[in-house]
Each structure stands twice: as C-alpha cells, then as structure tokens.
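Engineer:
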Amino acid sequence: MATLQPNFLYDFTADSKKDWQIVDDRVMGGVSQGGYSISEEGHGIFSGHVSLDNNGGFSSLMHPTKSIQVEKFKKVVLRVKGDKKKYQFRIKANRSDYYSYIQSFETNGEWQEIEIAFKDFSPSFRGRALDMPNFPGKQIEEIRFLIANYKEENFRLEIDWIALK
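For what it's worth, the working numbering labels the leading residue of the sequence shown as 37, then goes sequentially.
1. Just grab the DSSP bridge partners of residue 202 for me.
2. Starting from residue 180, follow its DSSP beta bridges and name the residues at the other end.
3. My understanding is that residue 197 touches residue 115, with C-beta atoms under 8 Å, so please give their C-beta distance in whole angstroms.
4. Determine the contact status of residue 176 and residue 157, defining contact as a CB-CB distance below 8 Å.
5. Looking at chain C, is there any beta carbon in it that lies within less than 8 Å of the beta carbon of residue 175?
6. Quick check: what's the CA-CA separation for residue 55 versus residue 159?
7. To the nearest angstrom, how far is the alpha carbon of residue 183 from that of residue 44?
8. Leaving aside the five residues before and after residue 47 along the sequence, list all residues of the same chain whose C-beta is less than 6 Å from its C-beta, in chain order.
9. Return helix, strand or coil for residue 37, following the three-state DSSP convention.
10. Going by beta-carbon coordinates alone, are residue 170 and residue 137 separated by less than 8 Å?
11. Using the C-alpha atoms, what's the distance from residue 90 back to residue 40?
12. Cα-Cα, which of 93, 135, 131 and 144 is closest to residue 164?
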C-alpha cells in the first residue's frame with residue numbers, strides 16, 4: 037500500500053483515454069507500434085512492439101498538461117507494473133522546448149512505486165544528452181513514458197498514477 041499522501045499529477049480512470057497519445061518512431065519512418073488503453077481496474081496500459089526496422093526503435097505515450105507549478109515538490113512518483121524492462125519517464129518544462137528532461141527506470145514485474153528526484157532529470161534530444169543544466173524544477177507542461185532499449189521487443193507497462201512528492 038502507498039505510504040504517500042499523493043499530490044496526483046495524473047490518476048488514471050476509465051475516461052482518461054483522450055488525455056494521452058501514442059508517438060512512435062513512425063514520425064521518422066520507423067514501424068514500431070505502441071498502443072494505449074484503460075484496464076477494467078482503471079489503470080493506463082502502454083503496450084506494443086518496438087521494431088528496429090527503417091532506423092526505428094522507440095514508442096512513447098505522451099500527455100500534454102496545463103502548466104503545473106512544481107516548485108514546492110522534490111520528486112515525481114510513478115506507481116507502475118512493468119514487464120521487467122527499462123523505460124524512461126520524460127518531462128518538459130515548456131511544451132515548445134525541442135528537448136525533454138529524462139530519467140530511466142527498471143520495472144520488476146510487480147506493482148512498484150518509483151521515486152525520481154527532479155534534480156536527477158537530465159536534458160536530452162533524440163537520445164543524446166545535452167550540455168545543459170538538469171531540470172530546473174519550476175513547471176511541467178508535458179509528461180511522457182518511452183521505451184527505446186535498442187532492440188526489437190514487445191512491451192507492456194501498466195500505470196496506476198503519477199504523483200508529486
């Protein structure tokens with residue numbers, strides 16, 4: 037059970053399907069195929085297949101948010117159940133930024149709460165680290181889950197909630 041008094045950034049429900057969108061490597065000619073659905077229990081499910089064909093190799097689940105002030109928080113907490121694969125959680129301070137702040141996390145096949153300090157989110161663009169300061173921790177305008185493990189694979193990540201702590 038959660039010991040967190042959640043300040044939800046996002047709590048998945050049956051009507052949250054419209055809030056999220058899939059962005060695959062198809063935007064650059066790849067053929068990976070991600071999908072998003074809501075389980076009977078009300079969890080978001082990000083699943084699909086990553087293909088390396090046509091120089092592809094990623095799938096992501098993205099949610100543009102209203103500008104959320106996060107200065108009084110130190111961390112983001114993800115309650116997820118994965119498939120023992122590595123994923124990234126990405127945030128954008130400004131939706132118009134070309135880069136994201138990213139942090140990877142490993143799933144263990146069970147429900148887990150993953151805490152990521154804002155100071156640990158590093159800037160990245162198209163898989164390359166940028167020589168810039170880490171996330172300034174002031175506001176968020178986009179959140180995203182991404183899988184890009186440099187191999188062809190099926191994936192499934194179940195998401196209960198995303199909170200600020």
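The beta-carbon is built from N, C-alpha and C at its ideal position, and this holds for glycine as well.
None of the values given here were measured: they were computed from a predicted structure.
Structural biologist: Here's the rundown:
1. With the chain covering 37 to 201 only, the question about residue 202 has no answer from this structure.
2. 98 and 126
3. 5 Å
4. no
5. Among the chains of the structure shown, chain C does not appear; only one protein chain is present.
6. 24 Å
7. 23 Å
8. 197
9. Any reading at residue 37 needs caution, since the residue's pLDDT is 37, under 50, leaving its predicted position unreliable; the model's value is listed next. Three-state result, residue 37: coil.
10. yes
11. Residue placement at residue 40 is flagged as unreliable, the pLDDT there being 42, under the threshold of 50; the coordinate-derived value follows with that caveat. Looking at the two C-alpha atoms, the distance is approximately 43 Å.
12. 135
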